[in-house]
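Notes follow the structure.
Number of protein chains: 2
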Amino acid sequence: MLDPAVTEAITIAAVAELAESGYARLAVDRVARRAGVGKSAIYRRWPSKLEMTVDGLARLSIMTGPVPDTGSLRGDVRAIMQAALDWLTDPRVRAVLPDLIAESDRNPVLAEAVARNITRPRLAWARVALDRAHARGELAADDIDLVLDLTIAPVFWRLTHARPVDDRYLDRLTELTIGGGAAGH
Amino acid sequence: MLDPAVTEAITIAAVAELAESGYARLAVDRVARRAGVGKSAIYRRWPSKLEMTVDGLARLSIMTGPVPDTGSLRGDVRAIMQAALDWLTDPRVRAVLPDLIAESDRNPVLAEAVARNITRPRLAWARVALDRAHARGELAADDIDLVLDLTIAPVFWRLTHARPVDDRYLDRLTELTIGGGAAGH
DNA sequence: CACGGTCAGGACGGAACCGTCTCGTCCCGA
DNA sequence: TCGGGACGAGACGGTTCCGTCCTGACCGTG
Chain V
67 MLDPAVTEAI
77 TIAAVAELAE
87 SGYARLAVDR
97 VARRAGVGKS
107 AIYRRWPSKL
117 EMTVDGLARL
127 SIMTGPVPDT
137 GSLRGDVRAI
147 MQAALDWLTD
157 PRVRAVLPDL
167 IAESDRNPVL
177 AEAVARNITR
187 PRLAWARVAL
197 DRAHARGELA
207 ADDIDLVLDL
217 TIAPVFWRLT
227 HARPVDDRYL
237 DRLTELTIGG
247 GAAGH
Chain A
67 MLDPAVTEAI
77 TIAAVAELAE
87 SGYARLAVDR
97 VARRAGVGKS
107 AIYRRWPSKL
117 EMTVDGLARL
127 SIMTGPVPDT
137 GSLRGDVRAI
147 MQAALDWLTD
157 PRVRAVLPDL
167 IAESDRNPVL
177 AEAVARNITR
187 PRLAWARVAL
197 DRAHARGELA
207 ADDIDLVLDL
217 TIAPVFWRLT
227 HARPVDDRYL
237 DRLTELTIGG
247 GAAGH
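Which chain is which? The protein sequence lines are V and A, in order. Position one of the first sequence corresponds to residue 67 (the working numbering), numbered consecutively onward. Position one of the second sequence corresponds to residue 67 (the working numbering), numbered consecutively onward.
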């Protein structure tokens with residue numbers, strides 16, 4: 067019986083090390099030391115650092131709350147953007163996500179883990195609100211993907227380029243997003 | 067007198083290795099072998115692999131052509147997006163840029179080199195067209211930054227998530243971008 | 001023709017890291 | 001009380017990499 071507390075400590079330490087070092091420089095020795103754990107405890111659970119990391123990613127997938135349902139496309143889009151900003155501003159996500167995106171180009175296993183644990187859940191979460199808007203006739207089906215991109219891509223881009231994202235920015239981005247989306251139908 | 071042909075060969079090899087391995091795994095030995103050069107030739111030119119890499123980045127900064135000047139905001143934005151897509155689709159840029167963005171979080175020297183050689187020149191290039199649109203009264207000053215983000219962030223986001231970007235996508239993104247921007251004034 | 005500098009190639013010490021393995025300790029259930 | 005398994009700690013061999021150093025060939029200049 068592997069001690070769940072040990073597994074937990076390792077996973078937390080792995081994510082923390084991932085945030086500090088990135089996947090390429092992630093060192094199993096350091097994860098063990100940080101978790102206050104022997105290396106054997108790690109290799110008893112996972113065959114290599116890749117699988118350990120993949121399990122760690124599940125910890126980053128938590129969506130913050132219920133799907134926005136303000137009754138209007140404008141309100142929902144704005145709420146989705148706010149959630150994206152909050153999520154991308156979380157220190158762990160902020161430090162880990164760009165690295166994972168880059169690493170995914172070279173590591174299919176990691177890419178799939180990122181998609182399954184992070185990208186797809188987040189996308190599905192936001193899509194629920196947009197599907198409702200579509201059902202209300204506020205949004206053309208063709209535009210759903212585009213609007214989804216716009217709720218996160220500009221925020222991610224600005225944050226990774228050390229430029230601020232404030233309420234005013236999100237307000238204007240919202241108007242622009244629903245302006246085009248609504249015009250469709 | 068250092069042989070410029072040798073310097074050139076090293077730089078090309080460094081960028082190619084950077085694309086394949088990423089900065090964290092970039093190995094000087096491999097750069098030397100790929101360039102058909104001794105390691106001494108590299109360390110005669112740069113004190114470490116960081117400086118070698120920084121010089122290599124200058125090679126990625128080349129903008130493809132003249133600043134778009136179609137006479138309308140719509141046409142210019144569309145042309146800027148197309149240029150962004152072409153640039154981001156270039157195999158070298160495609161493989162290197164996400165890695166550099168991630169690495170910039172941990173390496174200030176690299177971050178500055180990326181900004182100087184890649185981000186700022188590209189931004190300045192596109193801004194010329196948007197400034198002209200502003201002068202024509204087609205675009206509020208406040209919206210310039212937002213429009214600049216929209217010409218590249220969604221494209222980058224989609225490509226790094228293994229989703230296609232076609233003409234139709236850029237067309238709709240253009241309409242949406244100028245829709246909001248023009249409404250300002 | 002000798003000298004100074006560059007060249008390709010590669011050996012070298014030192015460091016970091018992976019994954020295996022061995023300790024001796026601790027705890028739990030039979 | 002005893003055995004089995006997980007535990008922290010870390011030694012170990014093997015690999016990879018950095019940055020230095022050495023070798024012998026080459027080239028232009030004085």
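We put the beta carbon where it would ideally sit given N, CA and C, even for glycine.
CA-CA distance, residue i and residue j?
i: A/A199; j: A/R186; result: 20 Å
i: A/A75; j: V/N183; result: 42 Å
i: V/E178; j: A/L84; result: 23 Å
i: V/S170; j: V/G203; result: 37 Å
i: V/V231; j: V/R224; result: 7 Å
i: V/G246; j: A/Y235; result: In this prediction, V/G246 has a pLDDT of 45, which is less than 50 and means its spatial position is unreliable; what the coordinates show is noted afterwards. If I take the Cα positions, the gap works out to 13 Å.
i: A/D142; j: A/A219; result: 17 Å
i: A/E86; j: A/K105; result: 19 Å
i: V/P70; j: V/T226; result: 35 Å
i: V/V97; j: A/L163; result: 28 Å
i: A/L139; j: A/I244; result: 7 Å
i: A/E241; j: V/A201; result: 23 Å
i: A/P174; j: V/L239; result: 30 Å
i: V/A249; j: V/D233; result: Only weak support exists for where V/A249 lies, its pLDDT of 37 falling under 50; the value from the coordinates is given anyway. Spanning the two alpha carbons is a distance of roughly 24 Å.
i: A/L205; j: V/L205; result: 26 Å
i: A/V180; j: V/I108; result: 37 Å
i: A/V159; j: A/V103; result: 24 Å
i: A/H251; j: V/A90; result: Per-residue confidence for A/H251 stands at a pLDDT of 32, beneath the threshold of 50, marking its modelled position as unreliable; the derived number appears in the next sentence. The straight-line gap from Cα to Cα measures roughly 48 Å.
i: V/W112; j: V/M118; result: 6 Å
i: A/T155; j: V/T155; result: 28 Å
Have a look at the options and flag the residue whose alpha-carbon is nearest the alpha-carbon of residue i.
i: V/D237; options: V/F222, V/W223, V/T217 and V/R229; result: V/T217
i: A/R100; options: A/W112, A/V72 and A/R111; result: A/V72
i: V/D197; options: V/V175, V/D135 and V/P164; result: V/D135
i: V/S114; options: V/L126, V/D95, V/T130 and V/G102; result: V/D95
i: A/M67; options: A/A90, A/G102 and A/R110; result: A/R110
i: V/A190; options: V/A90, V/S106 and V/S127; result: V/S127
i: A/A145; options: A/P157, A/T155, A/D156 and A/P132; result: A/P132
i: V/P157; options: V/T243, V/L242, V/A82 and V/T240; result: V/A82
i: A/R188; options: A/A98, A/T130, A/I108 and A/P70; result: A/T130
Taking Cβ to Cβ, would you say residue i is nearer than 9 Å to residue j?
i: A/V221; j: A/M147; result: yes
i: A/A192; j: A/L214; result: yes
i: A/L176; j: A/L92; result: no
i: A/A168; j: V/D165; result: yes
i: V/G137; j: A/R172; result: no
query: Do the segment 208-221 of chain V and the segment 150-166 of chain A make contact, defined as three or more Cβ pairs closer than 8 Å?
result: no
Any 3 or more C-beta pairs closer than 8 Å across the segment 105-125 of chain A and the segment 76-96 of chain A: yes
- prompt: Fully enclosed by the segment 105-143 of chain V, which alpha helix (DSSP H) runs are 4 residues long or longer?
  reply: 105-109 and 115-123
- prompt: Can you give, in chain order, each stretch of the alpha helix (DSSP H) that sits fully within the segment 145-216 of chain A and has at least 4 residues?
  reply: 157-170, 174-180 and 186-201
message: List, from N- to C-terminal side, the alpha helix (DSSP H) runs of 4 residues or more that fit wholly inside the segment 72-104 of chain V.
response: 94-101
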